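Undergrad:
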């Protein structure tokens, strides 16, 4: 699942009670014939799961209390950035979106790809109706429908939506029709004037006024297209574009004769080229730019403003994470089939069977993460295991003053919300 940006300020959360048992989740298994994966709110005050009764009826259980609504099927349960518990539900072969036990009036043959605006007030998703495929935004479907659709994107303010669409049907084996280009990007239900062989990942600018996407031209080359206008150059391959923060310039990884490079509006941004380059990420202030790169085939690292870390890793490097000030960078890395985190190019000594994205303290000095060894989950701070093992655990969160860490974990059959003093963890 793509994680939505936090909307509810964490400074209004309860940062005083050291430990709280939120719900006895073991009891749910006695009450229901099936309990699916637990979902926990960011503040740790609410735990929910899709559950099934003996009558093969599904609903959502929240802190031990089931919703009044029931469904034949439920899936994609998650908390929106504004804290609303959201999922997709089906009754009588019609799907819709449900938030906090309130279903939209509109129903569809199928719904998928839930997307939220930055504040969570707007909800979008892909839909299929008897007329074709489209997008629904806050219960209002596009007026236009299409032969096929494979993605849903929403602008940060929630006012606009976009997705790649197939404009005409193509019979099996009709390569000539395919080569004419039957794919485009539809924005708010209106497709671009230009058709392409393929259209992939799209992204909105911060203000939502522009949208860019990966496309394959009729020549077979790939490039980036902004508001229907392709870049002047074509490439053997490209990856997902990204708008410069608060601007309309676009950067994207492109495969050039020199190797994979990072380009700005079709012109080289970095002088360095790599065997691979993707997952470009700006610092919060937009002044630094990092990306996952392969300096040589089979060796991965992070490049910052074009300069790669000296440490490289043989298995994987996940998208980099900046501290709040942008001064520090960390990333999940994998080498010799073991996972850890590298901070500013230096990997932790401790290795794990799995580890999740790093979390910086507000001042950027400390780094925490959840990790797994065997069947247990642990809080890790600055590379050292700082907790007992848990049955389940979610990403830690630092308090606004950086003095505590919120840990949401299942232990002894209960979900606990624990506040751990940082000074004690660092001893």
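Numbering (my numbering), first residue to last: 25 to 451. Where is the CB? At the ideal position from N, CA and C, for every residue including glycine. Note that this is a predicted model, so its numbers are computed, not measured.
Quick check on this structure: which residue in 83, 278 and 132 has the alpha carbon closest to the alpha carbon of residue 124?
TA: 83
Undergrad: Hey, residue 274 and residue 250: beta-carbon distance below 9 Å or not?
TA: In this structure, the beta-carbon distance from residue 274 to residue 250 falls below 9 Å.
Undergrad: Could you name the residues that DSSP lists as bridge partners for residue 402?
TA: Residue 402 is bridged by DSSP to 395.
Undergrad: Give me the Cα-Cα distance between residue 472 and residue 228, rounded to the nearest whole angstrom.
TA: In this structure the chain extends from 25 to 451, so residue 472 is not present and cannot be described.
Undergrad: Along the chain, where does the alpha helix (DSSP H) that runs through residue 220 open and close?
TA: It is not in any alpha helix (DSSP H) - residue 220 carries neither H nor E in the DSSP assignment.
Undergrad: Just the Cα atoms here: how many angstroms apart are residue 321 and residue 335?
TA: Taking C-alpha positions only, residue 321 is separated from residue 335 by approximately 15 Å.
Undergrad: With distance defined between alpha-carbon atoms, name the residue in 180, 313 and 213 nearest to residue 141.
TA: 180
Undergrad: With 16 as the cutoff for other CB atoms within 10 Å, does residue 25 come out buried or exposed?
TA: With a pLDDT of only 34 at residue 25, under the threshold of 50, the placement of this residue in the model should not be trusted, and no figure is reported.
Undergrad: Under DSSP, the beta strand (DSSP E) around residue 234 begins and ends at which residues?
TA: Here residue 234 belongs to no beta strand (DSSP E), and DSSP marks it neither H nor E.
Undergrad: Using a threshold of 9 Å, state whether the C-beta atoms of residue 329 and residue 313 are closer than that.
TA: When the beta-carbon positions are compared, residue 329 and residue 313 come within less than 9 Å of each other.
Undergrad: Could you give the first and the last residue of the continuous beta strand (DSSP E) run that contains residue 442?
TA: 438 to 445
Undergrad: Check this for me: beta carbons of residue 148 and residue 162, under 9 Å apart or not?
TA: yes
Undergrad: Can you tell me whether DSSP reads residue 202 as helix, strand or coil?
TA: Looking at residue 202 - three-state DSSP - the assignment turns out to be helix.
Undergrad: Which residues does DSSP list as the beta-bridge partners of residue 370?
TA: 367
Undergrad: What I want to know is whether the C-beta of residue 364 ends up closer than 8 Å to one or more non-hydrogen atoms of the ligand HEM.
TA: Among the components modelled here there is no ligand, and therefore nothing to report on the ligand HEM.
Undergrad: What's the call for residue 443, buried or exposed, on a 16-neighbour Cβ count within 10 Å?
TA: buried
Undergrad: Considering Cα atoms alone, identify which of 97, 122 and 106 is closest to residue 115.
TA: Out of 97, 122 and 106, the CA that lies nearest to the CA of residue 115 is found in 97.
Undergrad: Looking at C-alpha atoms only, which residue of 132, 170 and 165 is the closest neighbour of residue 153?
TA: 132
Undergrad: What's the gap between the Cα of residue 136 and the Cα of residue 93?
TA: 20 Å
Undergrad: Run through DSSP, which three-state label would residue 449 get?
TA: helix
Undergrad: Give the DSSP-derived three-state secondary structure of residue 115 in the structure shown.
TA: strand
Undergrad: Suppose only complete runs of 4+ residues qualify. What are the alpha helix (DSSP H) ranges in the segment 112 to 172, listed by chain order?
TA: none
Undergrad: Enumerate in chain order the residues of its own chain whose CB-to-CB distance from residue 86 is below 7 Å, with the five nearest sequence positions on each side excluded.
TA: 70, 72 and 109
Undergrad: Could you spell out where the beta strand (DSSP E) holding residue 324 opens and where it closes?
TA: 323 to 328
Undergrad: Taking buried to mean at least 16 other C-beta atoms within 10 Å of its own C-beta, is residue 378 buried or exposed?
TA: exposed
Undergrad: Run the CB neighbour count on residue 257, radius 10 Å, all protein chains shown included, and call it buried at 16 or more, exposed below.
TA: exposed
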